[in-house]
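As structure tokens, the structure follows; a few thoughts come after it.
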Amino acid sequence: MKLSTRDANAYFKRPDTSAAGCLIFGDDAMRVALKRQDLMAALLGENAEEEMRLTRMAGAELRSDPAILLDAVKAVGFFPGPRAVLVDGATDGLSKVFAAAFADWVAGDAQIVATAGRLTAKSALRKVFEGSKQAYAAAIYDDPPGRAEIEDWLKEAGITATDPNAMGDLEALARSLGPADLRQTIEKLGLYKRGDATPVSPADIEATAPLTRDAELDDILHATAEAETGAIGPILIRLSQQGVAPVTLCISALRHFRALHMAASHPNGAAAGLQAMRPPVFGPRRDRMARQAGRWGRDALETALSMLVDTDLTLRSGGAAPQMAVMERTLIRLAMLPGRGGRR
Numbered sequence: 032m033k034l035s036t037r038d039a040n041a042y043f044k045r046p047d048t049s050a051a052g053c054l055i056f057g058d059d060a061m062r063v064a065l066k067r068q069d070l071m072a073a074l075l076g077e078n079a080e081e082e083m084r085l086t087r088m089a090g091a092e093l094r095s096d097p098a099i100l101l102d103a104v105k106a107v108g109f110f111p112g113p114r115a116v117l118v119d120g121a122t123d124g125l126s127k128v129f130a131a132a133f134a135d136w137v138a139g140d141a142q143i144v145a146t147a148g149r150l151t152a153k154s155a156l157r158k159v160f161e162g163s164k165q166a167y168a169a170a171i172y173d174d175p176p177g178r179a180e181i182e183d184w185l186k187e188a189g190i191t192a193t194d195p196n197a198m199g200d201l202e203a204l205a206r207s208l209g210p211a212d213l214r215q216t217i218e219k220l221g222l223y224k225r226g227d228a229t230p231v232s233p234a235d236i237e238a239t240a241p242l243t244r245d246a247e248l249d250d251i252l253h254a255t256a257e258a259e260t261g262a263i264g265p266i267l268i269r270l271s272q273q274g275v276a277p278v279t280l281c282i283s284a285l286r287h288f289r290a291l292h293m294a295a296s297h298p299n300g301a302a303a304g305l306q307a308m309r310p311p312v313f314g315p316r317r318d319r320m321a322r323q324a325g326r327w328g329r330d331a332l333e334t335a336l337s338m339l340v341d342t343d344l345t346l347r348s349g350g351a352a353p354q355m356a357v358m359e360r361t362l363i364r365l366a367m368l369p370g371r372g373g374r375r
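In terms of the working numbering, the sequence shown is residues 32 to 375.
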């Protein structure tokens, strides 16, 4: 039987224990693996492998010895409880093997769970599972996890209350991260909120999201965008001591000011523009950058980007001027730019 996306998600949480098996297939191997993990946990419960109630085999192994599938399905376990045979990497060439196993399957035998990559509508393997009245087939698409799936993961992580804005941030994060990374982030969020009964906030999302930015770099970029000229020199000294190259700093500044320009140009406002980015900007950092974008305005930000591009070319040209001094001069000029009406 063919499962729709909605029916498949429900099935993975509450599988039909009287069925002979299920095929899970899709382009993204990680998404398929996550659904397989959910199904096996719901079907077998805990300690399945330790109690020898789960038999694993690869598609290649089954091709070389087709009889091992039915042998594993019919085997009697030492421990009570449901049993399953997992076949990873199934292909159309194994369709007759699965068809024969279903023909001999009876209640009490181990369930057959198979995973596969992309399968067309004409796939022989799909037809075996979809055409059987005692088996299921579920296609896993590359759509980002929806709100219902995110809420399920939050419950699994022990999170019962989420601020509406934080849920919006998680949905935005789902569009930029893979499902495995998102699920890991939510698990980390659960640990972060352990013992804290307050609803998850955008600040909590920011604290646990997998962001790849350096705190010192953030400090100098914010200082520049907020006209804190006196802070630029000391931060630059620390960055230089850490071995940060002027070109790296210039690239980071370009990225930051491009984000501000995109925010300032967004028709629904700076905050919406920052959340629409990939990856999106969250929580207090988003609010801070939205204020920066509003202070600068689109025209001044275009001037700032032009200055940074010129500086990047100067740094890469190998001139005689000290590169960190060139970068410091540009940052100070940038910090003073909005107050001069955007004039260079």
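Glycine included, every Cβ here is placed at the ideal spot set by N, Cα and C.
Self-check item: DSSP-derived helix/strand/coil call for residue 340
Solution: Position 309 of the sequence shown, counting from 1, holds the residue named residue 340. If DSSP states are grouped into helix, strand and coil, residue 340 belongs with the helices.
Quiz item: In chain order, what residues of the same chain have a beta carbon less than 7 Å from the beta carbon of residue 345, not counting five sequence neighbours either side?
Solution: The residue given as residue 345 occupies position 314 in the sequence shown. The beta carbon of residue 345 lies closer than 7 Å to those of 357 in the same chain, with the five residues before and after it left out.
Exercise. Report the rounded CA-to-CA distance for residue 325 versus residue 304, giving the unit in angstroms.
Key: Counting from one through the sequence shown, the residue named residue 325 turns up at place 294. Counting from one through the sequence shown, the residue named residue 304 turns up at place 273. Rounded to whole angstroms, the gap between the alpha carbons of residue 325 and residue 304 is 12 Å.
Exercise. Using DSSP bridges, identify the partner residues of residue 166.
Key: If you number the sequence shown from 1, residue 166 lands on position 135. 52.
Quiz item: Whose C-beta lies closer than 6 Å to the C-beta of residue 145 among residues of the same chain, with five residues either side of it excluded?
Solution: As a first step, residue 145 is located in the sequence shown; it is residue number 114 there, counting from the start. Within the same chain, 54, 118 and 121 come within 6 Å of residue 145 by CB-CB distance, once the 5 residues on both sides are set aside.
Quiz item: Bridge partners of residue 88, per DSSP?
Solution: The residue labelled residue 88 in the question sits at position 57 within the sequence shown. In the DSSP assignment, residue 88 is bridged to 118.
Quiz item: Between residue 244 and residue 320, what straight-line distance do the alpha-carbon atoms span, to the nearest angstrom?
Solution: If you number the sequence shown from 1, residue 244 lands on position 213. If you number the sequence shown from 1, residue 320 lands on position 289. In this predicted model, residue 244 has a pLDDT of only 41, less than 50, meaning its place in the structure is not dependable; the value taken from the coordinates is given anyway. In a straight line, the C-alpha of residue 244 is about 15 Å away from that of residue 320.
Quiz item: From residue 334 to residue 364, what distance separates their C-alpha atoms?
Solution: Residue numbering aside, residue 334 sits at position 303 when the sequence shown is read from its first letter. Residue numbering aside, residue 364 sits at position 333 when the sequence shown is read from its first letter. Those two C-alpha atoms are separated by around 11 Å.
Quiz item: What alpha helix (DSSP H) runs, 4 residues minimum, are completely inside the stretch 199-280?
Solution: Within the stretch 199-280, complete alpha helix (DSSP H) segments of at least 4 residues are found at 210-223, 233-239, 246-256 and 260-272, given in chain order.
Self-check item: CB contact flag (residue 194, residue 232, <8 Å)
Solution: Indexing the sequence shown from 1 puts residue 194 at position 163. Indexing the sequence shown from 1 puts residue 232 at position 201. Yes, the pair counts as a contact, with Cβ atoms nearer than the cut-off.
Practice problem: Please work out which residues of its chain come closer than 8 Å, Cβ to Cβ, to residue 343, disregarding the five sequence neighbours upstream and downstream, and give them in chain order. | Solution: As a working note, residue 343 is residue 312 in the sequence shown. 278, 281, 282 and 285.
Quiz item: Are residue 115 and residue 74 close, meaning C-beta to C-beta below 8 Å?
Solution: For the purposes of this step, residue 115 is taken as the residue at position 84 of the sequence shown. For the purposes of this step, residue 74 is taken as the residue at position 43 of the sequence shown. Yes, Cβ-Cβ distance for residue 115 and residue 74 is below 8 Å.
Exercise. Name the residue from 317, 267, 275 and 266 whose alpha carbon lies nearest to the alpha carbon of residue 291.
Key: The residue you call residue 291 lines up with position 260 of the sequence shown. Checking every option, the nearest Cα to that of residue 291 belongs to 317.
Self-check item: Same chain, Cβ closer than 6 Å to residue 366, five either side skipped, listed in chain order
Solution: Your numbering for residue 366 matches position 335 in the sequence shown. Taking C-beta separations shorter than 6 Å and ignoring five residues to either side along the sequence, the partners of residue 366 in its chain run 255, 258 and 260, following chain order.
Quiz item: Could you give the residue range of the beta strand (DSSP E) that holds residue 144?
Solution: Here residue 144 refers to the residue found at position 113 when the sequence shown is read from its first residue. Run containing residue 144: 142-147, per the beta strand (DSSP E) assignment.
Exercise. Classify residue 361 as helix, strand or coil using the three-state DSSP reduction.
Key: Looking up residue 361 in the sequence shown gives position 330. Looking at residue 361 - three-state DSSP - the assignment turns out to be helix.
Quiz item: By the 10 Å Cβ neighbour count, where 16 or more other Cβ atoms means buried, how is residue 77 classified, buried or exposed?
Solution: The count along the sequence shown starts at 1 and reaches residue 77 at position 46. Exposed, because fewer than 16 other Cβ atoms sit within 10 Å of the Cβ of residue 77.
Quiz item: Could you check where the alpha helix (DSSP H) with residue 181 kicks off and where it finishes?
Solution: Mapped onto the sequence shown, residue 181 falls at position 150. Segment 178-187, the alpha helix (DSSP H) holding residue 181.
Quiz item: How is residue 191 classed by DSSP in three states: helix, strand or coil?
Solution: The count along the sequence shown starts at 1 and reaches residue 191 at position 160. In the three-state scheme derived from DSSP, where H, G and I count as helix and E and B as strand, residue 191 is classed as coil.
Quiz item: Under the three-state reduction of DSSP, which class applies to residue 4: helix, strand or coil?
Solution: Only positions 32 to 375 of the chain appear in the structure, and residue 4 is not among them; the question remains open.
Practice problem: Could you pull out every residue in the same chain whose Cβ sits closer than 7 Å to the Cβ of residue 93, ignoring the five residues on either side in sequence? | Solution: For the purposes of this step, residue 93 is taken as the residue at position 62 of the sequence shown. Around residue 93, the same chain offers 99, 100, 118, 125 and 128 as residues with beta carbons nearer than 7 Å, after the five sequence neighbours per side are excluded.
Quiz prompt | Bridge partners - residue 282, DSSP secondary structure assignment | solution = Here residue 282 is taken as the residue at index 251 of the sequence shown, counted from 1. Partner(s): none; residue 282 has no beta bridge.
Quiz item: Quick one: what's got a C-beta closer than 6 Å to residue 287's C-beta in the same chain, skipping five residues either side?
Solution: Position 256 of the sequence shown, counted from the start, is the residue given in the question as residue 287. 252.
Quiz prompt | Pair within 8 Å by beta-carbon distance, residue 17 and residue 204 | solution = Not covered by the structure: residue 17. The range shown for the chain is 32 to 375.
Quiz item: Under three-state DSSP, which class holds residue 57?
Solution: Position 26 of the sequence shown, counted from the start, is the residue given in the question as residue 57. Residue 57: strand per DSSP, three-state reduction.
Exercise. Give the single residue among 85, 348, 134 and 37 whose Cα lies nearest to the Cα of residue 159.
Key: Here residue 159 corresponds to residue number 128 of the sequence shown, with the count starting at 1. Closest option to residue 159, Cα to Cα, is 134.
Self-check item: Coarse secondary structure for residue 153, derived from DSSP in three states
Solution: In the sequence shown, counting from the first residue as 1, residue 153 sits at position 122. It is coil, neither helix nor strand.
Quiz item: Taking just the CA atoms, how far does residue 172 sit from residue 161?
Solution: Translated into the one-based positions of the sequence shown, residue 161 becomes position 130. Translated into the one-based positions of the sequence shown, residue 172 becomes position 141. Counting only the Cα atoms, residue 172 lies some 17 Å from residue 161.
Exercise. Grab the span of the alpha helix (DSSP H) containing residue 38 for me, first residue to last.
Key: Walking along the sequence shown from the start, residue 38 turns up at place 7. Residue range 36-44 is occupied by the alpha helix (DSSP H) that includes residue 38.
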